[in-house]
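Have a look at the structure below, then the notes.
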Amino acid sequence: MAKFRKIGVLASGGDAPGMNAALRAITRKALDEGMEVVGIIGGYSGLINDNIITLTPRSVSNIISRGGTFMYSDRCDEFKTEAGMQKAIATCKKHGIEAIVACGGDGTFRGATDLTNRGIPTVGVPCTIDNDITATDYTIGFDSAMNTALKMIDCLRDTCESHARCNVVEVMGRDCGQIALFTALASGAAAAVIPEMPFDEAGTIERIKAMKADGKRGFLVIVSEGVFTEDGKKYGEVLAKKIDAETGVETKFARFAHVVRGGDPTLRDRMTATQMGVRAVELLLEGKSNIVICEIDGKITDLDINYALIADRNYKNKLKPGDLDKFTAEQVAAMKALAAQRHEEIEAIYKMVYETSK
Ligand code: ADP
1 MAKFRKIGVL
11 ASGGDAPGMN
21 AALRAITRKA
31 LDEGMEVVGI
41 IGGYSGLIND
51 NIITLTPRSV
61 SNIISRGGTF
71 MYSDRCDEFK
81 TEAGMQKAIA
91 TCKKHGIEAI
101 VACGGDGTFR
111 GATDLTNRGI
121 PTVGVPCTID
131 NDITATDYTI
141 GFDSAMNTAL
151 KMIDCLRDTC
161 ESHARCNVVE
171 VMGRDCGQIA
181 LFTALASGAA
191 AAVIPEMPFD
201 EAGTIERIKA
211 MKADGKRGFL
221 VIVSEGVFTE
231 DGKKYGEVLA
241 KKIDAETGVE
251 TKFARFAHVV
261 RGGDPTLRDR
271 MTATQMGVRA
281 VELLLEGKSN
291 IVICEIDGKI
301 TDLDINYALI
311 ADRNYKNKLK
321 PGDLDKFTAE
331 QVAAMKALAA
341 QRHEEIEAIY
351 KMVYETSK
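Count the sequence shown with this note's numbering and you get residues 1 to 358, in order.
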């Protein structure tokens with residue numbers, strides 16, 4: 001006998017390739033366990049506006065290979081208000097929704113906590129192209145977004161080589177430079193510029209000059225969208241002009257923006273989405289909620305959402321007064337160790353970008 005008779009699934013916040021695969025896995029696994037499943041259209045706004053559809057195995061046919069989210073996504077500020085929350089709970093009551101699996105990023109998980117606290121047990125599945133949820137090694141969508149970016153960077157590489165040019169490419173990743181960093185390493189870029197590491201602008205310009213003198217023709221520099229000049233301008237465009245002016249290498253700027261958010265999910269994302277989606281339903285059935293599904297050291301596991309959110313703030317140096325008070329000394333030590341580990345991982349790859357581009 002399933003613990004819940006009916007659950008809801010939703011996708012919320014920024015979309016990511018693999019969200020559909022996660023929604024499909026959650027739906028099919030829950031149906032397989034004998035539960036009814038409803039889709040909440042447009043994320044939390046679907047709960048507020050009572051936009052609910054019944055899901056059958058056929059509702060999620062032919063979506064595992066598609067980007068975007070067939071249930072759409074939305075950003076819903078009303079959900080953060082008490083009045084909005086009351087409407088959401090009323091919709092759950094009206095439809096007999098007893099638990100929810102929410103696919104999204106850290107904002108979505110904050111909403112999931114609010115729902116759990118109001119009596120609707122909720123589990124979060126991490127979907128964001130930025131891989132910016134510190135508690136999990138991996139978030140659904142990251143691999144697909146990077147591969148899309150990499151394909152386009154490779155195209156630029158070809159033409160940079162033909163014309164002896166440099167291309168500065170700006171990729172997504174708000175406070176997290178992993179898309180820029182990983183694609184820089186994988187494309188053989190001369191430099192990566194990410195929010196996590198100080199950037200040696202003068203040194204990079206000198207390196208490009210030296211590489212040019214050594215006969216190198218094409219150059220790539222990958223910049224995260226989260227890096228700004230002191231006066232608030234996006235750094236990528238500014239850097240492109242400086243390289244152009246100071247190295248004698250004709251330099252173009254390209255912004256990939258939202259294009260890397262779409263497209264077919266890779267095998268990695270379809271697999272992880274399916275594994276995480278199934279695990280989310282299993283954990284609900286075991287009576288667990290207010291958790292986020294994580295991948296840690298290659299294993300699919302789970303962590304308390306509050307712990308995950310504060311571990312994230314700790315890593316990003318955004319802790320607010322009192323944030324750590326709810327946690328034991330061991331938990332705080334684990335958060336600090338995790339932050340140190342994440343920094344080390346980033347630093348090691350950053351160093352490698354420079355060691356391997358000559
Ligand atoms: P992501 O989940 O990708 O981080 P957002 O930060 O936009 O994306 O959050 C998605 C949605 O989650 C928001 O539109 C809002 O409905 C809900 N949400 C975000 N922050 C909170 C919060 N502090 N409390 C309740 N709900 C929130």
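Glycine residues also receive a C-beta, built at the ideal position from the N, C-alpha and C atoms.
Test item: CB-CB of residue 222 and residue 169 under 8 Å: Note that the C-beta distance between residue 222 and residue 169 is below 8 Å.
Heavy atom of the ligand ADP within 7 Å of residue 44 beta-carbon: Within the chosen limit of 7 Å, the ligand ADP reaches the beta carbon of residue 44 through at least one heavy atom.
In DSSP terms, what residue 295 is bridged to: For residue 295, which the question treats as bridged, DSSP gives the partners 300.
Distance, residue 329 Cα to residue 59 Cα: Those two C-alpha atoms are separated by around 46 Å.
Residue(s) in a DSSP beta bridge with residue 127: 140.
Alpha-carbon spacing of residue 103 relative to residue 109, whole angstroms: If you take the alpha carbons of residue 103 and residue 109, they lie about 9 Å apart.
Sufficient close CB pairs (3 or more, under 8 Å) joining the segment 85-100 to the segment 46-58: Verdict: yes, contact present.
Any non-hydrogen atom of the ligand ADP closer than 7 Å to residue 142 Cβ: Residue 142 has its CB no nearer than 7 Å to any heavy atom of the ligand ADP.
The segment 141-153 in contact with the segment 320-327 per 3-pair CB rule at 8 Å: By the C-beta criterion, the segment 141-153 is judged not to be in contact with the segment 320-327, since fewer than 3 inter-stretch pairs fall below 8 Å.
Residues of its chain near residue 1, where Cβ-Cβ distance is below 6 Å and the 5 sequence neighbours each way are ignored: With a pLDDT of only 45 at residue 1, under the threshold of 50, the placement of this residue in the model should not be trusted, and no figure is reported.
Alpha-carbon to alpha-carbon, residue 27 and residue 54: Going from the Cα of residue 54 to the Cα of residue 27 covers about 10 Å.
Beta carbon of residue 63 nearer than 8 Å to that of residue 20: Using a Cβ distance threshold of 8 Å, residue 63 and residue 20 count as a contacting pair.
Sequence-distant residues of the same chain with beta carbon closer than 6 Å to residue 215, five excluded per side: The same chain holds no residue with a CB closer than 6 Å to that of residue 215 once the five nearest residues on each side in sequence are set aside.
Whole-Å CB distance - residue 264 paired with residue 135, under 8 Å assumed: Under the criterion of beta carbons closer than 8 Å, residue 264 and residue 135 do not qualify as touching, at roughly 27 Å.
Residue 191 to residue 358 span [Cα, whole Å]: Each residue's Cα considered, the two are about 10 Å apart.
Cβ neighbours of residue 291 in the same chain (closer than 8 Å, five flanking residues each side left out): Closer than 8 Å at Cβ, skipping near neighbours: 123, 124, 283, 302, 303, 304, 305.
Cutoff 6 Å; reference residue 177; Cβ partners in own chain excluding five residues on either side: For residue 177, where only same-chain residues beyond five positions count, the Cβ hits under 6 Å are 194, 195, 196, 224.
Backbone secondary structure at residue 251 - three-state DSSP: Collapsing the DSSP output to three states places residue 251 in a strand.
Best match in 165, 172, 174, 241 for proximity to residue 201 [C-alpha to C-alpha]: Nearest of 165, 172, 174, 241 to residue 201, Cα basis: 241.
Under 8 Å between C-beta atoms of residue 129 and residue 172: Yes; because the gap between Cβ atoms is below 8 Å, this pair is in contact.
Between the CA atoms of residue 163 and residue 277 - distance to the nearest angstrom: If you draw a straight line from the Cα of residue 277 to the Cα of residue 163, it is about 47 Å long.
Pick from 38, 74, 22 that is closest to residue 14, judged by C-alpha positions: Here the closest residue by C-alpha is 74.
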